[in-house]
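Peer 1: Quick one: the structure is below, and I'll ask about it shortly.
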Amino acid sequence: MTKPKSVLIIDDDSDFVRAVGDLLTSAGYAVDSACNGRDGLSLAKTTQPDLILLDVMMTERTEGFFTLQQIRSVPALRHTPVIVASSIYTDQPSFKVNPDADWLPADLFLPKPIDPARLIQESARLIAASVAPESEASHVGSNGR
Amino acid sequence: MKILKIPKRDLDLFVSILPAFGELYAPVRRGSGYAFDRPVIWSDVELKYPRTILPPRKFFLPPKEATFTFDPHAGFRDLLAEATTRRVLFGVHAYDIYGLNILDRVFAQGKFPDPYYLARRQHTAIIGVDCEPDDGHFARSMNADFVDSGFDLFLSDIGDDYLALVGTSRGDDMVVMSSCLLGQPTEADFAEYKRRSSERRAAYRTHVELGDLPEILEMEYHSLVWEELGKRCLSCGSCSMVCPTCYCFDVNDEVGLGSRAGQRIRTWDSCLFKSHALVAGGENFRHSRASRIKFRFYHKQRGFVAEYGRPSCVGCGRCAAACPAGIDITSVIRMIRGQADAHGDRTASADTASRQPIPAAHGAHHAHPPDGAR
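Chains as they are written, first to last, in this note's numbering: chain A, 73 to 217; chain B, 14 to 387.
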């Protein structure tokens with residue numbers, strides 16, 4: 073029996089964590105969670121999940137952005153797929169910078185509320201895609217952002 | 014030069030996009046002091062800080078770095094790629110930017126530019142922020158309280174907003190990317206900037222007189238002040254380690270046991286260390302502590318002026334704060350000028366009795382010139 077793929081949810085909304093956690097568990101994933109960026113980073117370093125689902129506005133409104141920078145600075149997590157899920161663009165209308173890879177080193181940005189079917193689909197896709205590039209990148213010493 | 018303004022309330026959003034330009038480092042609390050480090054959340058960033066323990070020099074001249082590897086079979090391989098990590102230093106004070114501009118004169122603009130230093134300079138963005146001076150700062154005396162180059166962006170506090178001065182095309186890329194957060198300053202903003210600028214100048218409470226200091230150092234080469242300082246100095250090198258412009262380094266090769274392969278290592282050194290001027294055969298050009306601390310002062314305040322046209326001191330106050338013996342550069346300058354007692358380092362006594370008159374045999378022009386730049 074193969075070990076289930078693991079997902080770490082970093083989000084301060086306990087209802088969101090419960091609902092999405094149940095969804096991912098029913099899809100066959102092992103789910104862990106943290107309610108802020110600092111704890112999430114600490115947990116990610118020790119458990120090295122296959123996928124991270126990261127909120128932005130937690131204790132601070134930009135917390136997820138900073139947590140993501142820290143995640144990318146940890147060699148073991150540099151290529152771990154990260155989905156950023158947030159309502160920041162609706163809650164902070166003045167922040168009109170698009171969440172593209174030029175500045176946000178995430179693999180995908182999903183606006184909240186999340187479409188469950190899309191989350192399941194994208195999670196499977198990103199985890200599958202992360203395996204080959206990761207091993208290749210580690211050989212060429214890519215900084216990988 | 015482009016000048017924009019950014020609301021303080023949106024600075025966290027602005028900083029969030031900066032990783033597009035490299036790994037973010039900013040002043041964060043470390044123990045009872047501050048250090049340039051990676052913030053975990055925005056509130057870790059402290060923009061109202063007096064000074065960091067170490068200056069940003071550590072990002073350009075690391076305390077220890079391997080410059081190349083060697084192997085009898087593979088030959089030499091430079092490690093220049095290690096120096097191309099993109100970084101953003103956010104919240105750097107003007108005097109520290111000035112310190113980097115001084116290092117540029119030695120490592121980037123001299124006869125032998127240092128490729129490792131150059132690579133780090135090119136790959137590191139600098140965003141400055143203005144400083145509220147405390148009693149340890151004397152950057153105004155060293156003409157380092159404001160800078161007009163050496164930064165990509167410089168933020169000046171004008172109340173609810175920062176004025177953002179764009180210094181380079183990379184700084185321009187930053188403001189273009191975050192243009193939704195930035196606005197055009199008004200006449201009232203400029204007036205507020207000018208008011209606060211004057212206020213900042215007036216806030217410097219510690220002053221030293223630089224004019225004719227090289228000449229006075231020439232006259233005081235044999236002053237007893239150096240012997241007094243030599244008795245107090247512990248030669249620990251703390252002042253060098255925390256200095257934004259100290260750049261002495263040592264080089265050695267690390268070779269693996271049973272191998273002829275290894276790497277060349279460059280590490281920080283200090284002219285306060287006894288080994289600094291030790292050469293083969295056991296000769297030491299600066300054997301006494303007095304001669305070593307004198308060398309440091311002459312290098313910074315006299316030799317560097319002769320070589321590069323200005324002292325290699327920016328008035329950050331770190332050396333005085335770090336010195337376990339309480340030696341304070343501003344007091345030393347006052348002592349040399351005869352404005353303070355050689356024993357009362359932190360006082361401004363007018364007693365000049367401890368000064369040794371210039372021996373007639375030497376006069377103002379010494380047979381042996383004072384130590385110059387290394």
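For glycine and all other residues, C-beta sits at the position ideal for the given N, C-alpha and C.
(1) Measuring alpha carbon to alpha carbon, tell me which residue in A/101, A/157, A/123, A/115 is nearest residue 199 of chain A.
(2) Which value, in whole angstroms, describes the spacing of the CA atoms of residue 256 of chain B and residue 332 of chain B?
(3) Buried or exposed: where does residue 244 of chain B fall if 16 or more other Cβ atoms within 10 Å of its Cβ makes it buried?
(4) Assign residue 81 of chain B to one of three DSSP states: helix, strand, or coil.
(5) Which chain A residues sit within Cβ distance under 9 Å of residue 190 of chain B?
(6) Can you confirm whether residue 134 of chain A, when its beta carbon is compared against all beta carbons of chain B, has any partner nearer than 9 Å?
(7) Spell out whether any CB of chain B is found under 9 Å from the CB atom of residue 118 of chain A.
(8) At a Cβ threshold of 9 Å, is residue 74 of chain A touching chain B?
(9) Given a threshold of 16 other Cβ atoms within 10 Å of its Cβ, counted over all protein chains shown, does residue 370 of chain B qualify as buried or as exposed?
(10) Taking only beta carbons into account, state which residues of the stretch 98 to 128 of chain A come closer than 8 Å to chain B, listed in chain order.
(11) Taking just the CA atoms, how far does residue 190 of chain B sit from residue 84 of chain A?
(12) Residue 140 of chain B versus chain A: which residues are under 8 Å apart at the beta carbon?
(13) Does the separation of the CB atoms of residue 33 of chain B and residue 40 of chain B fall below 9 Å?
(14) Roughly how many angstroms separate the alpha carbons of residue 323 of chain B and residue 259 of chain B, rounded to a whole number?
(15) For residue 52 of chain B, count neighbouring C-beta atoms within 10 Å of its own C-beta (all shown protein chains included) and say buried if the count is 16 or more, exposed if not.
(16) For residue 433 of chain B and residue 117 of chain B, what's the separation of their Cα atoms in angstroms?
(17) Count the C-beta pairs between the stretch 83 to 97 of chain B and the stretch 59 to 66 of chain B that are closer than 8 Å, then say yes if the count reaches three, no if not.
(18) Going by beta carbon distance, what residues of the same chain come within less than 7 Å of residue 147 of chain B, once the five residues before and after it are set aside?
(19) Would you mind telling me which residues of chain E sit closer than 8 Å to residue 25 of chain B, beta carbon to beta carbon, in chain order?
(20) What is the DSSP secondary structure of residue 264 of chain B, counted as helix, strand or coil?
(21) Just to confirm the assignment: which complete beta strand (DSSP E) runs, minimum length 3, are found wholly within the stretch 73 to 102 of chain A?
(22) For chain B, check one thing: does any of its Cβ atoms lie closer than 9 Å to the Cβ of residue 158 of chain A?
(23) For residue 142 of chain A, return the contacting residues in chain B, with the cut-off set at a CB-CB distance below 7 Å.
(24) To be precise: take each residue of the stretch 302 to 326 of chain B, compare its Cβ to all Cβ atoms of chain A, and keep it if any distance is under 8 Å. Which residues remain?
(25) With distances taken Cα to Cα, identify the nearest neighbour of residue 242 of chain B among B/267, B/222, B/302.
(26) Look up residue 46 of chain B in the DSSP assignment and say whether it is helix, strand or coil.
(27) Just checking: is the beta-carbon of residue 87 of chain B within a distance shorter than 9 Å of some beta-carbon in chain A?
(28) Could you name the residues of the same chain whose beta carbon sits closer than 6 Å to that of residue 131 of chain B, not counting the 5 residues immediately before and after it, in chain order?
(29) Helix, strand or coil, according to DSSP, for residue 375 of chain B in the structure here?
(30) Which residues bound the alpha helix (DSSP H) around residue 104 of chain B?
(31) Please check the pair residue 92 of chain B and residue 155 of chain B, which I expect to be a contact at CB under 8 Å, by giving their CB distance rounded to whole angstroms.
(32) Taking the alpha helix (DSSP H) that residue 164 of chain B falls in, what are its first and last residues?
Peer 2: Reading from the atomic positions:
(1) For the purposes of this step, residue 199 of chain A is identified with residue 127 of the first sequence, where counting begins at 1. Of A/101, A/157, A/123, A/115, the residue nearest in Cα terms is A/123.
(2) Counting from one through the second sequence, the residue named residue 256 of chain B turns up at place 243. Counting from one through the second sequence, the residue named residue 332 of chain B turns up at place 319. C-alpha separation (whole angstroms): 6 Å.
(3) Start at 1 with the first residue of the second sequence, and residue 244 of chain B comes out as number 231. That one is exposed.
(4) Stepping through the second sequence from its first residue, residue 81 of chain B is reached at position 68. Of the three classes helix, strand and coil, the one that applies to residue 81 of chain B here is strand, per DSSP.
(5) Here residue 190 of chain B refers to the residue found at position 177 of the second sequence. Chain A residues near residue 190 of chain B: 169, 174, 175.
(6) As a working mapping, residue 134 of chain A is identified with position 62 in the first sequence. So yes, residue 134 of chain A belongs to the interface.
(7) Counted from its first residue, the first sequence places residue 118 of chain A at position 46. Cβ-Cβ to chain B under 9 Å: no for residue 118 of chain A.
(8) For the purposes of this step, residue 74 of chain A is identified with residue 2 of the first sequence, where counting begins at 1. Not an interface residue.
(9) Locating residue 370 of chain B in the second sequence gives position 357, counting from the first residue. Here the model assigns residue 370 of chain B a pLDDT of 34, short of 50, so the residue's position is not dependable, and the following value carries that caveat. Counting Cβ neighbours within 10 Å, residue 370 of chain B comes out exposed, since fewer than 16 surround it.
(10) 109, 110, 113
(11) Translated into the one-based positions of the first sequence, residue 84 of chain A becomes position 12. Translated into the one-based positions of the second sequence, residue 190 of chain B becomes position 177. Taking the straight line from one Cα to the other gives about 29 Å.
(12) For this step, residue 140 of chain B is matched to residue 127 along the second sequence. Within 8 Å Cβ-Cβ: nothing; residue 140 of chain B doesn't reach chain A, min ~15 Å.
(13) By 1-based counting over the second sequence, the position of residue 33 of chain B is 20. By 1-based counting over the second sequence, the position of residue 40 of chain B is 27. No. Outside cutoff.
(14) Position 310 of the second sequence, counted from the first residue, corresponds to residue 323 of chain B. Position 246 of the second sequence, counted from the first residue, corresponds to residue 259 of chain B. Roughly 14 Å separates the two Cα atoms.
(15) Sequence index remark: in the second sequence, residue 52 of chain B carries index 39 (1-based). That one is buried.
(16) The structure shown has nothing for residue 433 of chain B, since chain B only spans 14 to 387.
(17) no
(18) In the second sequence, the residue the question calls residue 147 of chain B occupies position 134. The residues are 63.
(19) In summary, chain E is missing from the structure at hand, where the protein chains are A and B.
(20) For the purposes of this step, residue 264 of chain B is taken as residue 251 along the second sequence, with counting starting at 1. Three-state DSSP puts residue 264 of chain B in a strand.
(21) 78 to 82
(22) For the purposes of this step, residue 158 of chain A is identified with residue 86 of the first sequence, where counting begins at 1. False, the Cβ-Cβ gap to chain B never drops below 9 Å.
(23) For the purposes of this step, residue 142 of chain A is taken as the residue at position 70 of the first sequence. Within 7 Å Cβ-Cβ: 51, 53.
(24) none
(25) By 1-based counting over the second sequence, the position of residue 242 of chain B is 229. Considering only alpha carbons, the answer is B/302.
(26) Start at 1 with the first residue of the second sequence, and residue 46 of chain B comes out as number 33. Residue 46 of chain B falls in the strand class under three-state DSSP.
(27) By one-based count along the second sequence, residue 87 of chain B stands at place 74. Residue 87 of chain B does not count as touching chain A.
(28) Against the second sequence, residue 131 of chain B aligns to sequence position 118. If we look at residue 131 of chain B and ignore the five residues flanking it on each side, its Cβ neighbours are 121.
(29) Along the second sequence, read from residue 1 onward, the residue named residue 375 of chain B stands at position 362. Its pLDDT being 33, under 50, residue 375 of chain B is placed unreliably by the model, and nothing is read from it.
(30) Here residue 104 of chain B is taken as the residue at index 91 of the second sequence, counted from 1. From DSSP, residue 104 of chain B is part of no alpha helix (DSSP H) but of the beta strand (DSSP E) over 100 to 105.
(31) In the second sequence, the residue the question calls residue 92 of chain B occupies position 79. In the second sequence, the residue the question calls residue 155 of chain B occupies position 142. Actually they do not touch by this definition, with Cβ atoms about 35 Å apart.
(32) Translated into positions along the second sequence, residue 164 of chain B becomes position 151. Counting along the chain, residue 164 of chain B falls outside any alpha helix (DSSP H), and DSSP gives it neither H nor E.
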